[in-house]
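Scroll down for the structure; my scribbles are underneath it.
There are 2 protein chains.
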Amino acid sequence: MSYQPLTSREYFTLGRYAYDELRRAIISLRLEPGQWVSESELTTLLGMSRTPVREAIRALHREELVEVLPQRGIKIALISMKKIEEVRVVREVLESEALREAIAALQHTPALWEETAENVIQCLEAQRRAARQGDLEGFLAADEAFHREIAGPSRNDTLNAVVRQMRAHLNRTRMLSMRELHNMDALIDEHDALFHAVGERDAARGLDILTHHVRRLQEDLPRVKERYPHYFGP
Amino acid sequence: MSYQPLTSREYFTLGRYAYDELRRAIISLRLEPGQWVSESELTTLLGMSRTPVREAIRALHREELVEVLPQRGIKIALISMKKIEEVRVVREVLESEALREAIAALQHTPALWEETAENVIQCLEAQRRAARQGDLEGFLAADEAFHREIAGPSRNDTLNAVVRQMRAHLNRTRMLSMRELHNMDALIDEHDALFHAVGERDAARGLDILTHHVRRLQEDLPRVKERYPHYFGP
DNA sequence: TTGTCAGGAGTAGAATACAAGTATACAATG
DNA sequence: CATTGTATACTTGTATTCTACTCCTGACAA
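Listed in order, the protein sequences are those of chains A and B. Residue numbering for the first sequence follows the numbering used here, beginning at 660 and increasing consecutively. Residue numbering for the second sequence follows the numbering used here, beginning at 660 and increasing consecutively.
In C-alpha cells:
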C-alpha cells in the first residue's frame with residue numbers, strides 16, 4: 660500500500676482548466692497575436708464565470724502571453740523580437756544545463772534510460788504521425804512532451820518549469836515557421852539526433868544539436884515576420 | 660510632445676499591492692515557513708476583500724512560496740532543500756549569463772556605467788546603513804536592488820525576472836543565515852568586490868565572486884537548518 | 001467645418017454571495 | 001472505553017453584483 664502525501668495532490672479546478680485551454684489557444688495561434696478579447700467573451704467561450712477566467716488571465720499575464728489594459732480589455736500579446744531573443748538566451752543556457760544534468764544522471768543511474776527512451780520514442784512517433792497529418796498543434800504538443808522527457812532525468816523541476824514557460828513564446832514562432840516553411844520533418848530529424856546523442860551520453864554533441872535547433876528557428880524568423888507582419892510587435 | 664504607450668502604463672491595483680506585501684512578508688519570515696493562513700485572515704490583515712487576496716495567493720502559489728490546499732487552507736511553503744538546490748543552479752547559470760551580457764554591454768557602451776555605478780553605490784550604502792541598524796529586511800531589499808542594478812545593463816528583462824523569482828527562495832535562507840551568523844558585513848564585502856570587478860570589466864573575476872557568493876550561502880545551510888528545523892521540509 | 005462636451009455602452013477591478021469539501025467536537029452506540 | 005455517525009463551523013472554488021474607469025458617439029456651439 661502506498662500513500663501519496665496530501666499536500667501534493669492535484670485538484671481539478673476550472674481556473675486551471677481555463678489556463679491550460681487559453682494557453683494552448685494562444686500558442687497554437689487560434690487566439691491571434693494582437694487580437695482583443697474580453698473576460699465576458701472568454702466566459703461564454705469556456706462556459707464558466709468570470710472568476711476562474713480572470714485567474715487564468717492573470718497567470719497568462721505573468722507569462723507575458725497577454726496584456727491586460729484595465730477598464731479596456733485584454734490583448735493577446737504580439738510576438739516581440741526583443742522577447743524572443745531574451746527567451747532564446749534563457750532557454751539555451753538553461754536547457755544546456757538540463758542536458759548536462761540529465762546525462763550526468765544517466766551515467767550515474769543507467770536504469771533511468773529505459774523508461775525515458777521508451778517515452779521519447781513514443782513522442783517521436785507521435786510527432787511523425789502529426790507531421791503526416793499536417794496537425795501542427797498536435798506536433799507542438801508532442802514536441803513539448805519530447806523536450807520534457809529528454810530533460811526529465813535531470814530531476815530539476817524548477818529549471819524545467821522555467822524552460823517550459825520560455826518555450827511558449829518560441830512555440831508561437833515555431834508554429835508560424837511550420838505553417839510557412841513546412842519544416843516539420845527537419846525538426847524531427849534534429850530531435851532524433853538529439854535522442855541518439857543523449858542515448859550515447861554525448862553531452863557535447865547534444866548541446867550542439869540543441870543550440871542549432873533553437874538558432875535555426877531564429878534564422879527562419881525574418882521570412883515569417885515578412886509574411887505575418889501584423890503578428891509582430893517591437 | 661511624447662506619448663507614453665498606454666499598454667505599458669502600470670496601474671495600481673489592490674491585487675498587485677497584496678502580492679508585493681505578502682511576498683515581502685514571506686521572504687522576511689514575518690509569515691513563517693509552515694504557517695497556516697486563511698484567505699479571510701489575510702483579508703482583514705490587508706484590509707481588502709477576498710478577490711485581490713486570492714489573486715496574490717495564486718501568484719505566490721505559482722512561485723511555490725505558498726501551498727494551496729483546496730477547502731483546507733493555505734500554508735506558507737516550508738524551505739525545501741531540493742528547491743534550494745534547484746534554484747541555486749538556475750540562478751548561477753542565469754546570473755552568470757547576465758553578468759557576461761552586462762559586461763559586454765558596458766564594453767560596447769561605456770556610458771551605461773555612469774548611471775549604473777551611481778545606483779550601485781547607493782545600494783551598497785543602503786546595505787551598510789541597514790547592517791549597522793541590524794535591519795535585516797532593509798538589508799535584503801537593498802541586496803535585491805544591488806543585484807538588479809548590476810545586472811541592469813544586460814537589458815534582458817526576461818532573464819532578470821526569472822533570477823528575481825529564484826532569489827526569493829534563497830533569500831529566506833539568507834535571512835536565517837544573517838539572523839544566526841551575523842554575516843552581513845561579509846556579504847557587503849563580496850558585493851563591493853563584484854562591483855569593482857564589473858567596473859573593471861573583468862567577467863571572469865565577477866563570475867568567480869558571484870558563484871562563491873551563492874555557494875557560501877549553501878555552506879551555511881546545515882547550521883541554519885539545525886537551528887530552525889521546523890522551517891525546513893524535504 | 002471644427003472643437004467640445006455630455007452621456008451611454010462596455011470594460012476590468014473589487015466586493016459580496018453562494019456552493020461544496022474538510023476538520024472537529026461531541027453524542028450515540030457497541 | 002473505543003468507535004462511529006453527525007452536526008457544525010470553517011475552508012477555498014465559483015458565481016454574481018457593484019463600482020469606477022475608458023472609449024465612442026452624436027448633439028451642439030463657435
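We put the CB at the ideal spot given by N, CA and C, even for glycine. Model, not experiment: these values are computed from the prediction.
- Taking all protein chains in view, the Cβ of K742 of chain A is crowded by 16 or more other Cβ atoms within 10 Å, so the residue is classified as buried.
- Rounded to the nearest angstrom, the Cβ distance from E722 of chain B to A820 of chain B is 11 Å, too far for a contact under 8 Å.
- With contacts defined as CB atoms closer than 8 Å, V822 of chain A and A757 of chain A qualify as a contacting pair.
- In this structure, the alpha-carbon of E714 of chain B lies about 26 Å from that of M834 of chain B.
- With a threshold of 16 other beta carbon atoms within 10 Å, F671 of chain B falls short and is exposed.
- By a beta-carbon distance limit of 8 Å, L783 of chain B contacts I847 of chain B. Their separation comes to about 7 Å.
- In the DSSP assignment, L758 of chain B falls within the unbroken alpha helix (DSSP H) covering M740 to H767.
- Taking C-alpha positions only, D802 of chain B is separated from H841 of chain B by approximately 15 Å.
- The contact set of A718 of chain B on chain A, defined by CB atoms closer than 9 Å, consists of R717, A718 and R721 in chain order.
- Under the Cβ criterion (8 Å, minimum of three pairs), the stretch 868-881 of chain A does not count as touching the stretch 680-699 of chain B.
- Not a single CB atom of chain B sits nearer than 8 Å to the CB of Y676 of chain A.
- Neighbourhood of T817 of chain B in chain A, by CB distance below 7 Å: K742, E745, V746 and V749, in chain order.
- The Cβ atoms of V857 of chain B and G865 of chain B sit closer than 8 Å to each other.
- Using a Cβ distance threshold of 8 Å, I735 of chain A and P769 of chain A do not count as a contacting pair.
- Rounded to the nearest angstrom, the Cβ distance from L829 of chain B to R750 of chain B is 7 Å, consistent with a contact under 8 Å.
- Burial check for P729 of chain B: the Cβ neighbour count within 10 Å stays below 16, so the residue is exposed.
- Residues of chain A with a Cβ closer than 7 Å to the Cβ of V821 of chain B are, in chain order, V749 and V821.
- Rounded to the nearest whole angstrom, the C-alpha separation of H806 of chain B and E849 of chain B is 12 Å.
- A residue is called buried once 16 or more other Cβ atoms fall within 10 Å of its Cβ, and P711 of chain B is buried on that count.
- At a cut-off of 8 Å between C-beta atoms, E756 of chain B counts as an interface residue with respect to chain A.
- Within the stretch 784-813 of chain B, the alpha helix (DSSP H) runs of at least 4 residues that lie entirely inside it are, in chain order, 795-810.
- Residue nearest to Q792 of chain A within the set A:R683, A:Y887, A:D844 and A:Q694 is A:D844 (criterion: CA-CA distance).
- If the five residues before and after W695 of chain B are omitted, its C-beta is found closer than 6 Å to the C-beta atoms of G732 and K734, all from its own chain and listed in chain order.
- Of the residues assessed, S699 of chain A falls on the exposed side of the cut-off, its CB having fewer than 16 other CB atoms within 10 angstroms.
- DSSP places F671 of chain B in the coil class of the three-state scheme, outside both helix and strand.
- Shown in chain order are the members of the stretch 750-784 of chain A whose Cβ falls below 7 Å from a Cβ of chain B: V752, L753 and E756.
- With a threshold of 16 other beta carbon atoms within 10 Å, S836 of chain A meets it and is buried.
- Contact between E754 of chain A and L869 of chain A holds: their C-beta atoms lie close to 6 Å from each other, under 8 Å.
- Distance from the CA atom of R860 of chain B to the CA atom of E760 of chain B, rounded to whole angstroms, is 11 Å.
- Contact of P711 of chain A with chain B by beta-carbon distance below 9 Å is absent, the smallest such distance being about 11 Å.
- Using a 10 angstroms sphere on the CB of E726 of chain B, the tally of other CB atoms reaches 16 or more, which defines it as buried.
- In the structure shown, E726 of chain B adopts extended strand secondary structure according to DSSP, grouped into three states.
- Only residues of its own chain outside the window of five on either side were considered, and among them F805, E808, I809 and F854 have a CB closer than 7 Å to the CB of V779 of chain B, listed in chain order.
- For Y670 of chain B, the chain A residues whose Cβ falls inside 8 Å of its Cβ are P729, in order along the chain.
- Assignment of G865 of chain A by DSSP, reduced to helix, strand and coil, places it in the helix class.
- Distance from T702 of chain A to R709 of chain A at the Cβ level is roughly 6 Å; contact confirmed, criterion being Cβ atoms closer than 8 Å.
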